[in-house]
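**Q** The structure's right below; bear with me while I get my questions together.
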Amino acid sequence: MSILDVIAERRIQQAIDRGEFDRLPFRGIPIDIHEDFSIPITLRLLMARAKSTLQSAPEDSPLIRHWAIRRYQQRSAVSAWRRPSRSPHPPDDALF
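For the sequence shown, this note's numbering assigns the number 62 to the initial residue and increments by one for each residue that follows.
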């Protein structure tokens, strides 16, 4: 641990001892530390809303379709870049 970690831990413990965290809003609600932050916030909010209301599946969302299409386009662009433009073997009729 660095000196900054020690100072931060000490100040957090002092604030806990003084009771500064006792009256915070959302106290007692667990934090999801496994949330995927690589997904854009708009998509995460949309998926959370779809889960909570259970009105429609998240796959039906236009925003999710938009990001799926972009992912597909990026993959195809990368694979096209990796593919050789010509075959390494000439066709049979080109030899004669």
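In this text, a Cβ means the ideal position worked out from N, Cα and C, and glycines have one as well.
1. Pairing CB atoms from the region 121 to 133 with CB atoms from the region 100 to 112, are three or more of them under 8 Å?
2. How many Å lie between R72 and F82 at the Cα?
3. Between V217 and G80, what straight-line distance do the alpha-carbon atoms span, to the nearest angstrom?
**A** Answer, in terms of the structure:
1. yes
2. In the sequence shown, residue 72 corresponds to position 11, counting from 1. In the sequence shown, residue 82 corresponds to position 21, counting from 1. Looking at the two C-alpha atoms, the distance is approximately 12 Å.
3. Here the chain covers residues 62 to 157 and nothing more, so residue 217 does not appear.
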